[in-house]
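K.L.:
Residue 1 is where the sequence shown starts when you use the numbering used here, and the numbers rise one by one after that. Got a structure for you, written out below as structure tokens; questions coming shortly.
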Amino acid sequence: MNIEYVGRHVDLTDRIRSLTEERLAKAARFLVEPVEVQLTLENERHLRVAELHVTHRHGVLHAREENNDLFEAIQNASDAIEKQARRARKRSVDVRRRANRQVAAERHWPIEVLARESVDAGGAPRVIRSTRLEIKPMTLEEAASALEASRRGFVVFRDAETEQINVLYRRKDENYGLISPEL
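So, in structure tokens, the structure goes:
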């Protein structure tokens with residue numbers, strides 16, 4: 001966590017720095033690294049103002065507190081930041097859980113491989129091997145790059161725009177083919 005201190009008509013002491021680091025350590029538990037913090041301390045007539053601006057990977061948090069006591073203002077501002085960070089963390093976890101619940105039923109689809117001998121012999125085909133694949137939402141370009149990185153000759157994915165299951169496969173002429181459902 002990077003903390004930048006700005007003092008306007010305020011002396012920045014070691015006590016202020018240690019209090020700020022101690023109070024922000026609680027909020028940092030709920031944030032994704034890297035975290036940039038700017039603490040601005042001001043004297044306005046009879047009030048002391050502590051303004052915290054926290055930038056992290058998923059957004060920005062801001063709190064401004066005024067009090068007669070500078071340390072009380074810092075504590076109140078850091079408490080407000082911790083509350084915002086906790087709320088943002090809970091919101092992101094809820095969004096992920098909701099998204100996982102929606103695609104959980106369609107996430108794994110079995111792929112069946114048939115033995116060539118059983119088909120040629122005229123007997124009933126048997127399932128030799130079954131594989132479960134995770135179906136991720138992605139664009140066609142992301143699926144193409146996933147296919148290039150994969151050892152398989154195909155990628156099953158959920159189109160991010162249409163929300164439908166598609167299959168991108170590598171053709172024998174080294175081009176790609178796309179199988180998409182008919183509406």
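Just so it is clear, CB atoms sit at the ideal spot from N, CA and C, and this is done for glycine as well.
Check each candidate in S18, D11, A28 and P137 and name the one with the smallest Cα separation from R87.
P.N.:
Start at 1 with the first residue of the sequence shown, and residue 87 comes out as number 87. With distances taken between Cα atoms, R87 lies closest to A28.
K.L.:
So who's on the other strand from T55, going by DSSP bridges?
P.N.:
Residue numbering aside, residue 55 sits at position 55 when the sequence shown is read from its first letter. In the DSSP output, where bridge partners are listed per residue, T55 has E36 and V60.
K.L.:
Quick one, which of R91, T139 and Y5 has its alpha-carbon nearest L178's?
P.N.:
In the sequence shown, counting from the first residue as 1, residue 178 sits at position 178. Of the listed residues, the one whose Cα sits closest to L178 is T139.
K.L.:
Is it buried or exposed for L12, if we count other Cβ within 10 angstroms and need 16 for buried?
P.N.:
Numbered from its first residue, the sequence shown carries residue 12 at position 12. Under this definition L12 is an exposed residue.
K.L.:
Considering only the alpha carbon of each residue, which of A146, E33 and R152 lies closest to R158?
P.N.:
Along the sequence shown, read from residue 1 onward, the residue named residue 158 stands at position 158. The residue with the shortest Cα to Cα distance from R158 is A146.
K.L.:
Helix or strand or just coil, what does DSSP make of R132?
P.N.:
The count along the sequence shown starts at 1 and reaches residue 132 at position 132. Of the three classes helix, strand and coil, the one that applies to R132 here is strand, per DSSP.
K.L.:
At which residues does the beta strand (DSSP E) containing E4 begin and terminate?
P.N.:
As a first step, residue 4 is located in the sequence shown; it is residue number 4 there, counting from the start. Unbroken beta strand (DSSP E) run through E4: N2 to R8.
K.L.:
Do you know offhand how far E142's Cα is from A149's?
P.N.:
Taking the first residue of the sequence shown as position 1, residue 142 is located at position 142. Taking the first residue of the sequence shown as position 1, residue 149 is located at position 149. Using only the alpha carbons, I get a separation of about 11 Å.
K.L.:
What's the C-alpha gap between R18 and P137?
P.N.:
For the purposes of this step, residue 18 is taken as residue 18 along the sequence shown, with counting starting at 1. For the purposes of this step, residue 137 is taken as residue 137 along the sequence shown, with counting starting at 1. Looking at the sequence shown, residue 18 is not Arg but Ser. Their Cα atoms are separated by approximately 45 Å.
K.L.:
DSSP three-state label for E65, please.
P.N.:
Residue numbering aside, residue 65 sits at position 65 when the sequence shown is read from its first letter. Note: E65 maps to strand in three-state DSSP.
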